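K.L.:
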Amino acid sequence: MAENYNGMAVGVFELDNLVACFVALDAASKAANVKIQSVERNRLKSGACVKIRGSVSDVTAAMEVALETAKPLAKIVSHTIIASPTSDTETALKMTINK
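Here my numbering is used: the first residue of the sequence shown is 957, the next is one more, and so on.
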């Protein structure tokens, strides 16, 4: 089922370990009111990219907890928060899911 994320901030983080992604995501979702948009496994490596959605404050809080949780478990490859994605950015975010 397609979720409508219009108007929601997006937080994206990538770790070099898939299991650590799930541990970090669990901590993030317990720390703030965020929705999990996707977990995209890196097919060439053992890591994954995670996208979470919510208000800017909730995504920021969730990302802080996720990254702190991940630090002892995996290498943080990259992370960012986009407070107000444009429609083109939304299209690009959807294009990567399940690829």
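Yeah, the Cβ is synthetic: ideal placement off N, Cα and C, and Gly gets one too. If you're wondering where the values come from, they're calculated on a predicted model, not measured in any experiment.
By Cβ distance, which residues of its chain are closer than 6 Å to Ile1053, with the 5 residues on each side in sequence left out?
P.N.:
So the list reads Ser994, once near-sequence residues are dropped.
K.L.:
What residues match up with Cys1005 in a beta bridge as DSSP calls it?
P.N.:
Partner(s): Glu970 and Glu996.
K.L.:
Does Val968 pass the burial test, meaning 16 or more other C-beta atoms within 10 Å, or should it be called exposed?
P.N.:
That one is buried.
K.L.:
Report all residues from its chain with a CB closer than 7 Å to the CB of Thr1025; omit the five preceding and five following residues, and keep chain order.
P.N.:
Once the five neighbours on either side are set aside, the close Cβ partners of Thr1025 are Val979, Ala980 and Ala983.
K.L.:
For Val1039, which residues from the same chain have a beta carbon less than 7 Å from its beta carbon, with the 5 sequence-adjacent residues on both sides left out?
P.N.:
Note that residue 1039 is Ala in the sequence shown here, rather than Val. Correct list, in chain order: Ala965 and Val1012.
K.L.:
Could you say which of Ala1048, Lys1031 and Thr1045 lies nearest to Leu971 if we only look at CA atoms?
P.N.:
Residue Lys1031 is the option with its Cα nearest to Leu971.
K.L.:
Which same chain residues end up closer than 7 Å to Val990 when comparing Cβ atoms and leaving out the 5 residues on each side of it in sequence?
P.N.:
Only Ala984, Ile1008, Arg1009, Gly1010, Asp1014, Val1015 and Ala1018 meet the Cβ criterion.
K.L.:
Helix, strand or coil for Ala984, going by three-state DSSP, please let me know.
P.N.:
Helix at Ala984.
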